[in-house]
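Novice:
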Amino acid sequence: MAIFAHIPFLPFLDVPAPLPDEDTLRQLATIVPVLVAASISEKITPLLPSHVETYIFDDLADGQAEEQLVGLLDRGAGKVFTHRQAQLISMGVPVSRIVPRLAASDPLPSTPCMLEAFPPIEHTQKTRDHPVFLLGPPQPDTVNLSEIVAMHNQVPLIRAADLIKLGPHALVGLFLDGLKTDRADGLFATSVVSLAPSSTLLGQVYSSRESIEVMVRTGQATYFSRSRNELWVKGATSGATQQCVRIRTDCDGDALEVTVVQSPGTGFCHTAEISCFGPLGGLSQLQSTLLQRRQNAPQGSYTHRLFNDEKLLKAKIMEEADELCHAESAQDVADEMADLVYFALARCVAKGVSLRDIEATLDRRALKVSRRKGDAKPHWAAKIAGAPSPPPPQAPPAGQPGELCCQVIDLADVPEADRAALLKRPMTDGRTMTGLVRPIVEMVKTRGDAGLLDAVSKYDRCGFACASELTLRAPFADRSGELSAETKQAIDVAYENIFMFHAKQLEKEKEPMVVETMPGVLCSRFARPIDRVGLYVPGGTAILPSTALMLAVPAQVAGCPWISLATPARADGTISAEIVYIATKCGVSEIVKAGGAHGIAAMAYGTPTVAKVDKIFGPGNQFVTAAKMMVAGDLQAATAIDMPAGPSEVLVIADSSCVPSFVAADLLSQAEHGPDSQVVLLAVGLPAPLLAEIEQQIVLQAQTLSRLEIIRQSIRKSFILKVPTLPKALDISNQYAPEHLILHVTNPADVVPLVRNAGSVFVGPFSPESCGDYASGTNQSVFSLPTPSFPFPHIKLIELRVCSSLPTVGFAKQYSGVSTLSFMKHITAQTLSEQGLRNIGPTVVTLATVEGLDGHANAVNVRLRVSPSGPTDAA
Numbered sequence: 005m006a007i008f009a010h011i012p013f014l015p016f017l018d019v020p021a022p023l024p025d026e027d028t029l030r031q032l033a034t035i036v037p038v039l040v041a042a043s044i045s046e047k048i049t050p051l052l053p054s055h056v057e058t059y060i061f062d063d064l065a066d067g068q069a070e071e072q073l074v075g076l077l078d079r080g081a082g083k084v085f086t087h088r089q090a091q092l093i094s095m096g097v098p099v100s101r102i103v104p105r106l107a108a109s110d111p112l113p114s115t116p117c118m119l120e121a122f123p124p125i126e127h128t129q130k131t132r133d134h135p136v137f138l139l140g141p142p143q144p145d146t147v148n149l150s151e152i153v154a155m156h157n158q159v160p161l162i163r164a165a166d167l168i169k170l171g172p173h174a175l176v177g178l179f180l181d182g183l184k185t186d187r188a189d190g191l192f193a194t195s196v197v198s199l200a201p202s203s204t205l206l207g208q209v210y211s212s213r214e215s216i217e218v219m220v221r222t223g224q225a226t227y228f229s230r231s232r233n234e235l236w237v238k239g240a241t242s243g244a245t246q247q248c249v250r251i252r253t254d255c256d257g258d259a260l261e262v263t264v265v266q267s268p269g270t271g272f273c274h275t276a277e278i279s280c281f282g283p284l285g286g287l288s289q290l291q292s293t294l295l296q297r298r299q300n301a302p303q304g305s306y307t308h309r310l311f312n313d314e315k316l317l318k319a320k321i322m323e324e325a326d327e328l329c330h331a332e333s334a335q336d337v338a339d340e341m342a343d344l345v346y347f348a349l350a351r352c353v354a355k356g357v358s359l360r361d362i363e364a365t366l367d368r369r370a371l372k373v374s375r376r377k378g379d380a381k382p383h384w385a386a387k388i389a390g391a392p393s394p395p396p397p398q399a400p401p402a403g404q405p406g407e408l409c410c411q412v413i414d415l416a417d418v419p420e421a422d423r424a425a426l427l428k429r430p431m432t433d434g435r436t437m438t439g440l441v442r443p444i445v446e447m448v449k450t451r452g453d454a455g456l457l458d459a460v461s462k463y464d465r466c467g468f469a470c471a472s473e474l475t476l477r478a479p480f481a482d483r484s485g486e487l488s489a490e491t492k493q494a495i496d497v498a499y500e501n502i503f504m505f506h507a508k509q510l511e512k513e514k515e516p517m518v519v520e521t522m523p524g525v526l527c528s529r530f531a532r533p534i535d536r537v538g539l540y541v542p543g544g545t546a547i548l549p550s551t552a553l554m555l556a557v558p559a560q561v562a563g564c565p566w567i568s569l570a571t572p573a574r575a576d577g578t579i580s581a582e583i584v585y586i587a588t589k590c591g592v593s594e595i596v597k598a599g600g601a602h603g604i605a606a607m608a609y610g611t612p613t614v615a616k617v618d619k620i621f622g623p624g625n626q627f628v629t630a631a632k633m634m635v636a637g638d639l640q641a642a643t644a645i646d647m648p649a650g651p652s653e654v655l656v657i658a659d660s661s662c663v664p665s666f667v668a669a670d671l672l673s674q675a676e677h678g679p680d681s682q683v684v685l686l687a688v689g690l691p692a693p694l695l696a697e698i699e700q701q702i703v704l705q706a707q708t709l710s711r712l713e714i715i716r717q718s719i720r721k722s723f724i725l726k727v728p729t730l731p732k733a734l735d736i737s738n739q740y741a742p743e744h745l746i747l748h749v750t751n752p753a754d755v756v757p758l759v760r761n762a763g764s765v766f767v768g769p770f771s772p773e774s775c776g777d778y779a780s781g782t783n784q785s786v787f788s789l790p791t792p793s794f795p796f797p798h799i800k801l802i803e804l805r806v807c808s809s810l811p812t813v814g815f816a817k818q819y820s821g822v823s824t825l826s827f828m829k830h831i832t833a834q835t836l837s838e839q840g841l842r843n844i845g846p847t848v849v850t851l852a853t854v855e856g857l858d859g860h861a862n863a864v865n866v867r868l869r870v871s872p873s874g875p876t877d878a879a
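Just so you know, we're using this note's numbering here: the sequence shown kicks off at 5 and counts up by one.
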């Protein structure tokens, strides 16, 4: 971020407490740097806003002061106000980072300096090209301060106590007093720039004193509209808002530069371009392209491989770096550098690192004053010198079985402190995902159908000519003829079973629950369906009719009046016949042809074409999960979600009684869901030959599966953990809280009572998770024992809990799977007779009085004063 150069006054935090409040500090950081006493900087700096520019005031005792000051400069302080300038310069501190402290009677240098007291008036009346910082006595009088501020480059220091006395309004007024304009309308020319890439000019506007004050106070970019002759809050109507993070003045104090963070997915210009001067190019455009390709690169494409094959990307980076080192001509150097930047930025995007993050790191490093020798690491130094380097470990050739081997870890080798980290899912940091998803959500939220059309084109790789093509409304065209008889029958059987089980759940909700808590006090609770529900059915790497069934059937059973189903369209703009058939069968009202975060946003906020819903259900990748969490936290959306469902996962517990081919098949059935899926095997005292056989079965069976490439990617995120005992395995499983838990152990039914956290449990060797993905209907654990001693006769032998409706990424600790009741809400009612009120009224009055809510007590007392024959005297 650009640093301040022209400062009207300088806040001086000279004591640890009291300090100005958080909002005052935020406003100050927007318009000026903040000077902090070195002796208290470690306590004060963490309390300051993240975008603040800090200076250091040297109040340290002699001894190690110079080293401490250099350390503070290394950690990001912009300047140091000190009398030790000679020592610091000898230590390599640039002169530009030092502000000498002088006595009031000392002659003023031509460079910036600080006077220990207010100087004689003749000093302050001189025009200067560099600031003189003035540390005088406490000056709460804004009149005196305004006079000094109005004198160009005379910068008073205002201590913490005086900052509190003055307050933010007066302090912003001082900033305004330092401005000047020769325009008849009193406006200031204002350049609006973005944070990244650095100083990208977005447009030219005008500001008034009032608009500047509002902008600093609210943090929202606010300018002055000359055409409307009024304040202009940027994005108030268009949604293209801007967060103001810094306001700088030019050298004459008659023009402003406003640094902003543009609302993601929007442009500054009324044409929706990021800049009024046209689209950006260079690194910014490259980053935008890579972000789009990361989300929608076709399976098997080069870009998709780069983002999903870390070894390939690393190899390309090293290859291009080597070619850059050997390039000689200027054009060759430029070409090779461009290649290197492309692949390096691809890795940054893959890891959630933006250009803004890189520039912030460079800005921090630019502030370092300490120097290091800078030798190459021994490995590279030896390579350049021609010495032999140690050979890198040999990776299996692409497509070979070695790629299908899970990492094997022995719990005994993992320190206790590191075991929690072992159980973390291999997911992108939540803040990173939010940063990637927010622009997509905002695109739909602010631009409606136009934004959704753009998002579908970019991310679903499917273009529509107009908004009306984005949805299908019931009744849908009959496409059952496109289905094979076998597929149609399978869907029908699954539908009947799922419907039967979910209808059974509704029986206890048909009649209200009524309880007489006291004589004459009847309390009841009754269920009602949610009016408008949205179902998200992924479609990125597989058609998922099972997901559609397990979401739409309970919504239908619950009686929801409106059911929307969002799923990405195929390349030709159509929806699969399986999904349309299920939608018809389940009474779906609308099919939205949109996937990912934009599909979630369309249902959450609604558009002129897509109906808004009250609650969203369904699984998805990390983009979908982040979008669901985002809209659920936005009061403007007023949309609930079922749960934060992430990538699918399974944890298998197997002991020496297991069948290796069954265990391997269960792991692979989940690994093929997607590249983000994770499978975990807890091997309970397995002999080495048995474990080796499981690994061999994984390789052999995987080679026969159609989704081998996806399995290769998910296997890299998976592992086998050797544990000594079954109780230890269950302890780890309960900490992991898997979406699916499969028990390949002796007497598996006896283990179920020990399961505390899991989305669905599959008990025994004949209970594959696949059955839980498709057909029988239950929302409970799945049991299938090979012996007649089945311990739960009221549960069918094979029952289902579909993966799409279960909590993932550890949320099985807090959430249950989706059920009929998920599509309903409960309402309570109370009916009190007159005698009932007299029975409970005194209790209510007493509690309301204790809480100081007299109105509550009065509402009861008014009624208690009424006798059967009529009201009594109010007195």
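Just so it is clear, CB atoms sit at the ideal spot from N, CA and C, and this is done for glycine as well.
Remember, it's a predicted structure, so these values are computed and weren't measured experimentally.
Please report the Cβ distance between Ala498 and Leu553, rounded to the nearest whole angstrom; I am assuming they are in contact, meaning their Cβ atoms lie under 8 Å.
Specialist: 6 Å between Cβ atoms; contact.
Novice: Using the beta-carbon count (16 or more within 10 Å), is His274 buried or exposed?
Specialist: With fewer than 16 other Cβ atoms within 10 Å, it is exposed.
Novice: Quick one: what does DSSP say Lys184 is sitting in, helix, strand or coil?
Specialist: Note: Lys184 maps to coil in three-state DSSP.
Novice: Consult DSSP for Gln880 and reduce its assignment to one of helix, strand or coil.
Specialist: Coverage of the chain is limited to positions 5 through 879, which leaves residue 880 absent and any answer about it impossible.
Novice: Flag this pair as touching only if the stretch 620–635 and the stretch 506–524 have three or more C-beta atom pairs under 8 Å; answer yes or no.
Specialist: No: the two stretches stay apart, fewer than three of their Cβ pairs being nearer than 8 Å.
Novice: Please report the straight-line C-alpha distance between Glu515 and Lys619, rounded to a whole angstrom.
Specialist: The straight-line gap from Cα to Cα measures roughly 24 Å.
Novice: Please say whether Pro679 and Ser718 have beta carbons closer to each other than 7 Å?
Specialist: It is a contact, given that the beta carbons lie within the stated cut-off.
Novice: Alpha carbons only, please: which of Pro172, Arg869, Asp166 and Ala225 is nearest the one belonging to Thr194?
Specialist: Of Pro172, Arg869, Asp166 and Ala225, the residue nearest in Cα terms is Ala225.
Novice: Bridge partners for Phe770 per DSSP, in chain order?
Specialist: Its beta-bridge partners do not exist; DSSP assigns none.
Novice: With DSSP collapsed to three states, give me the class of Leu76.
Specialist: Here Leu76 sits in helix by DSSP.
Novice: Rounding to the nearest angstrom, what Cα-Cα distance links Gly455 and Lys449 in this structure?
Specialist: Distance between the alpha carbons of Gly455 and Lys449 is about 8 Å.
Novice: On a CA-only basis, which of Pro648, Ala90, Glu323 and Ser461 is nearest His602? Give me that one, please.
Specialist: The option with the nearest alpha carbon to His602 is Ser461.
Novice: Measuring alpha carbon to alpha carbon, tell me which of Ala562, Gly600 and Met607 ends up nearest Gly568.
Specialist: The amino acid at residue 568 is misidentified as Gly; the sequence shows Ser. The residue with the shortest Cα to Cα distance from Ser568 is Met607.
Novice: Based on the DSSP secondary-structure assignment, which residues constitute the bridge partners of Phe137?
Specialist: According to DSSP, Phe137 bridges with Met118 and Val159.
Novice: Does DSSP put Ser195 in a helix, in a strand, or in coil?
Specialist: It is a strand residue.
Novice: How should Gly96 be labelled, buried or exposed, when 16 other C-beta atoms within 10 angstroms of its C-beta is the threshold for buried?
Specialist: So Gly96 counts as exposed.
Novice: Using CA coordinates, which residue listed in Thr263, Leu17, Val667 and His506 is at the minimum distance from Asp166?
Specialist: When only C-alpha atoms are compared, the closest one is Leu17.
Novice: With a threshold of 6 Å, establish whether the CB of Leu287 neighbours any heavy atom of the ligand PLP.
Specialist: With respect to the ligand PLP, the structure offers nothing, as it holds no ligand at all.
Novice: Express the C-alpha separation of Ala642 and Leu810 in angstroms, rounding to a whole number.
Specialist: One C-alpha to the other measures close to 23 Å.
Novice: Whether or not the stretch 673–692 and the stretch 627–646 are in contact is what I'm after, with contact meaning three or more pairs of Cβ atoms, one per stretch, closer than 8 Å; do they touch?
Specialist: They do not touch, by the three-pair rule.
Novice: How long is the line joining the alpha carbons of Arg221 and Ala380, rounded to whole angstroms?
Specialist: Using only the alpha carbons, I get a separation of about 49 Å.
Novice: Give me the residue from His830, Phe13, Gly140 and Leu695 with the minimum Cα distance to Lys512.
Specialist: Ranking the options by Cα distance to Lys512, first place goes to His830.
Novice: Quick check: the stretch 581–590 against the stretch 472–480, are there 3 or more CB pairs under 8 Å?
Specialist: Cβ pair count under 8 Å is three or more, so yes.
Novice: With respect to the alpha helix (DSSP H) encompassing Lys235, which residues constitute its N-terminal and C-terminal limits?
Specialist: According to the sequence displayed, residue 235 carries Leu and not Lys. First-last for Leu235: Glu234 to Val237, but that is the beta strand (DSSP E), not the alpha helix (DSSP H).
Novice: Helix, strand or coil: which one does DSSP assign to Leu686?
Specialist: Correct three-state label for Leu686: strand.
Novice: Taking just the CA atoms, how far does Ser652 sit from Arg232?
Specialist: Cα-Cα distance, rounded: 54 Å.
Novice: Measure the alpha-carbon distance for Ala559 versus Ile746 and round it to whole angstroms.
Specialist: Distance between the alpha carbons of Ala559 and Ile746 is about 28 Å.
Novice: Please report how far the alpha carbon of Gln834 lies from the alpha carbon of Thr629, in whole angstroms.
Specialist: Approximately 38 Å between the Cα atoms of the pair.
Novice: Compute the distance between the beta-carbons of Phe827 and Cys564, then report whether it is under 7 Å.
Specialist: Yes, the pair counts as a contact, with Cβ atoms nearer than the cut-off.
Novice: Enumerate, from N- to C-terminal direction, the unbroken beta strand (DSSP E) stretches of 3 or more residues contained entirely within the stretch 410–476.
Specialist: 411–414, all fully within the stretch 410–476.
Novice: For the beta strand (DSSP E) holding Leu206, just list the boundary residues, first then last.
Specialist: Where Leu206 is concerned, the enclosing beta strand (DSSP E) stretches over Thr204 to Ser211.
Novice: Going by other Cβ atoms of all chains shown within 10 Å of its Cβ, with 16 needed for buried, is Pro648 buried or exposed?
Specialist: Buried, since its Cβ has 16 or more Cβ neighbours within 10 Å.
Novice: For Ser305, count neighbouring Cβ atoms within 10 angstroms of its own Cβ and tell me buried if that reaches 16, exposed if not.
Specialist: By the 10 Å Cβ count, Ser305 comes out exposed.
Novice: Just mark Lys632 as buried or exposed, buried being the case when its beta carbon has 16 or more other beta carbons within 10 Å.
Specialist: Flag for Lys632 reads buried.
Novice: Any idea if Ser1 is buried or exposed, counting beta-carbon neighbours within 10 angstroms, 16 or more meaning buried?
Specialist: In this structure the chain extends from 5 to 879, so residue 1 is not present and cannot be described.
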